[in-house]
Amino acid sequence: MNKTSRTITGMFLIFVGIGLLIPLFFGFWITVIFSILLLILGFYILFNKDEDIIEERKDKRRANKNG
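Using UniProt numbering, read the sequence shown as starting at 1 and increasing by one per residue.
Set out below in structure tokens:
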């Protein structure tokens with residue numbers, strides 16, 4: 001996952017998690033748990049830099065082989 005798709009996916013999950021958490025906080029507890037899990041997953045995807053380093057290395061190998 002490159003930086004752009006990681007940012008889009010992470011921000012989307014964070015906004016969905018906040019969107020579910022705020023209006024349904026006094027509603028069903030399963031929704032609160034689900035929204036907190038979405039927030040954690042969104043922040044993990046947004047700040048995971050290890051995967052970009054792996055993809056960068058693959059791109060460097062392809063560039064060296066091609067030219």
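Using N, Cα and C, we set each Cβ at its ideal position, and we do this for glycine too.
Would you mind reading off the limits of the alpha helix (DSSP H) that contains Val-42? Here residue 42 is taken as the residue at index 42 of the sequence shown, counted from 1. Going by the sequence as given, residue 42 is Gly instead of Val. In the DSSP assignment, Gly-42 falls within the unbroken alpha helix (DSSP H) covering 29–47.
Please determine, among Ser-35, Ile-8, Thr-7 and Arg-6, the residue with the shortest C-alpha to C-alpha distance to Gly-19. In the sequence shown, counting from the first residue as 1, residue 19 sits at position 19. Gly-19 has its Cα closest to that of Ser-35, out of Ser-35, Ile-8, Thr-7 and Arg-6.
DSSP three-state assignment for Leu-24, whether helix, strand or coil: To locate residue 24, count along the sequence shown from 1; it is residue 24. Residue state for Leu-24 is assigned as coil, using DSSP reduced to three classes.
Assuming Leu-46 and Gly-10 are in contact, meaning their beta carbons sit under 8 Å apart, how far apart are those beta carbons, in whole angstroms? Start at 1 with the first residue of the sequence shown, and residue 46 comes out as number 46. Start at 1 with the first residue of the sequence shown, and residue 10 comes out as number 10. Indeed, because the Cβ distance is near 3 Å, the residues count as touching under 8 Å.
What does a CB cutoff of less than 6 Å around Leu-24 pick up in its chain, not counting 5 residues either side in sequence? Your numbering for residue 24 matches position 24 in the sequence shown. Thr-31.
Leu-21 and Leu-41 closer than 8 Å at C-beta: Residue mapping note: residue 21 aligns to position 21 of the sequence shown, counting from 1. Residue mapping note: residue 41 aligns to position 41 of the sequence shown, counting from 1. Their beta carbons are not under 8 Å apart, which means Leu-21 does not touch Leu-41 by this criterion.
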